[in-house]
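Residue numbers (our numbering): 3 to 216.
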Ligand code: ADP
Ligand code: ADP
Ligand code: ZN
């Protein structure tokens, strides 16, 4: 199975994906995480992505599509969660071509819906492990020890793009570029939506139900 979790920044895509990985053995493909790793490792890709990401703008489609193609090649036969890709209609078309070549197809595009005020609260309070990428929240999901990842002991910090200015840009970019994917996937007949509000476990239950995963 291969499916897409999409929705606004802060909807809980990363948090829910981590649960699906841990409990269902799925593979999580997050373009945001891939770009952040490239930046950490100071690769060519990282150099291209850094300033765009820090400001809350999208990395160009061609670069992003090529990165996903490389990543998916190694995941033939695995259950894959796509998180944060596609984010534009051009990327959605790119994904179809990639999957066609692999003789696979996207089964579901599941939208996680969260009210904008709640998104702002989630994004401004988000803290992320700089080693393993685990997502925390100062209020809703604090680390046991201040600034230390519960899972790996890594440094837990605020993302550079979780500042007020970058969040504003990301929400605008999301509305312009990513929201049109709702109609795109409706037309393809694979769209569904759940509410991303309530506890992490409540949202997780809705996702399992929607995916018909036991
Ligand atoms: P969020 O938590 O806001 O959903 P992500 O971690 O998915 O953020 O993405 C962080 C940033 O990485 C984006 O703002 C963008 O700069 C870049 N990025 C991630 N995925 C994509 C993509 N599919 N296309 C272009 N840029 C992307
Ligand atoms: P996304 O990957 O969609 O950008 P994250 O999974 O990183 O979102 O979640 C954004 C922030 O909201 C994080 O700080 C996370 O701990 C918190 N969060 C995620 N799900 C919930 C929830 N159901 N209730 C409250 N806070 C949540
Ligand atoms: Zn960690």
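Here a beta-carbon is modelled for each residue, glycine too, at the ideal position from N, C-alpha and C. Since this is a predicted model, take the numbers as computed values, not measurements.
{"Item": "Residues near residue 139 in its chain [Cβ-Cβ closer than 8 Å; skip 5 each side]", "Value": "124, 127, 128, 129"}
{"Item": "Helix, strand or coil at residue 192 [DSSP, three-state]", "Value": "coil"}
{"Item": "Alpha carbon of residue 160 to alpha carbon of residue 56, nearest angstrom", "Value": "12 Å"}
{"Item": "Beta strand (DSSP E) segments (min. 3 residues) lying fully within the stretch 123–170", "Value": "128–131, 137–139"}
{"Item": "Check: residue 16 C-beta below 7 Å from any heavy atom of ligand 3", "Value": "no"}
{"Item": "Distance between beta carbons of residue 70 and residue 100, contact taken as under 8 Å", "Value": "7 Å"}
{"Item": "Three-way DSSP call (helix, strand, coil) for residue 197 in this model", "Value": "strand"}
{"Item": "Residue 47: CB within 7 Å of a non-hydrogen atom of ligand 3", "Value": "no"}
{"Item": "Rounded separation between residue 61 and residue 54 - CA only", "Value": "6 Å"}
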